[in-house]
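Heads up: the structure comes next, in structure tokens.
Residue numbers (this note's numbering): 2 to 202.
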């Protein structure tokens with residue numbers, strides 16, 4: 002029973018977290034999906050602005066593609082006892098402006114992973130497959146700097162417990178066109194693995 006209580010308490014603490022609110026343009030609004038029995042962990046970057054307003058991870062075009070890659074329904078995807086969704090930053094970090102000479106969302110705030118990540122992962126005792134979505138998750142979980150392209154090319158080195166994936170954002174359409182092997186060869190393996198884990202739950 003202590004483990005159940007600590008898990009519930011941990012989720013409540015995360016929901017109230019304000020550690021980096023002063024740096025967040027829309028304020029702190031931690032968005033994670035946690036279930037004690039989850040077997041699949043999705044480690045992404047940080048919520049986007051749409052997700053911040055909706056309050057649900059991957060409830061956008063990126064999520065539709067991700068669910069297609071996984072071969073699951075929305076109901077399955079949003080079942081916390083099947084999928085834990087734990088981004089590197091729990092809150093929307095803001096977006097770059099034209100003055101920044103970059104585009105897209107800013108990196109996840111570093112305070113988040115430092116404060117929460119080890120504690121959260123320690124509670125997810127049944128994870129059998131971790132999906133690393135994007136470079137920030139790759140660097141933290143694999144403890145090395147690897148490009149998504151490098152990591153995907155060597156995907157079998159970590160399989161079947163871990164899979165590195167490009168972000169499913171439409172912004173990566175060019176990458177996907179340049180690397181058709183990802184959807185042609187790797188995705189079928191991923192779907193079989195996910196189906197097997199869901200059916201064994």
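All C-beta atoms, glycine included, are put in the ideal place defined by N, C-alpha and C.
Check whether residue i and residue j have beta carbons under 9 Å apart
| i | j | result |
| --- | --- | --- |
| residue 52 | residue 59 | yes |
| residue 124 | residue 198 | no |
| residue 33 | residue 20 | no |
| residue 40 | residue 56 | no |
| residue 84 | residue 36 | yes |
| residue 42 | residue 195 | no |
| residue 137 | residue 17 | no |
Residue i burial status per 10 Å Cβ neighbour count (16 or more: buried)
| i | result |
| --- | --- |
| residue 2 | Annotation note: pLDDT 40 at residue 2 (below 50); position unreliable, no value reported. |
| residue 75 | exposed |
| residue 155 | exposed |
| residue 28 | exposed |
| residue 24 | exposed |
| residue 26 | exposed |
| residue 139 | buried |
| residue 182 | exposed |
| residue 193 | exposed |
| residue 174 | exposed |
| residue 103 | exposed |
For residue i: DSSP bridge partner residues
| i | result |
| --- | --- |
| residue 166 | 134 |
| residue 86 | 34, 43 |
| residue 96 | 106 |
Among the options, the one whose alpha carbon lies nearest that of residue i
| i | options | result |
| --- | --- | --- |
| residue 44 | 157, 185, 128, 156 | 128 |
| residue 187 | 140, 170, 84, 159 | 159 |
| residue 177 | 41, 195, 153, 55 | 153 |
| residue 135 | 106, 190, 126, 157 | 106 |
| residue 108 | 143, 96, 118 | 96 |
| residue 66 | 200, 168, 179 | 168 |
| residue 50 | 149, 93, 99 | 93 |
| residue 13 | 192, 117, 184 | 117 |
| residue 179 | 149, 190, 144 | 149 |
| residue 62 | 142, 170, 189 | 170 |
| residue 189 | 99, 98, 73, 141 | 73 |
| residue 200 | 137, 82, 101 | 82 |
| residue 126 | 7, 22, 18, 38 | 38 |
Contact with chain C by residue i, beta-carbon distance below 9 Å
| i | result |
| --- | --- |
| residue 73 | No chain C is part of this structure, which consists of one protein chain only. |
Review point. Is the stretch 102-119 touching the stretch 80-90 in the sense that three or more CB pairs, one from each, lie closer than 8 Å?
Key: yes
Check: Touch check for the stretch 158-165 and the stretch 130-140: three-plus C-beta pairs under 8 Å?
Finding: yes
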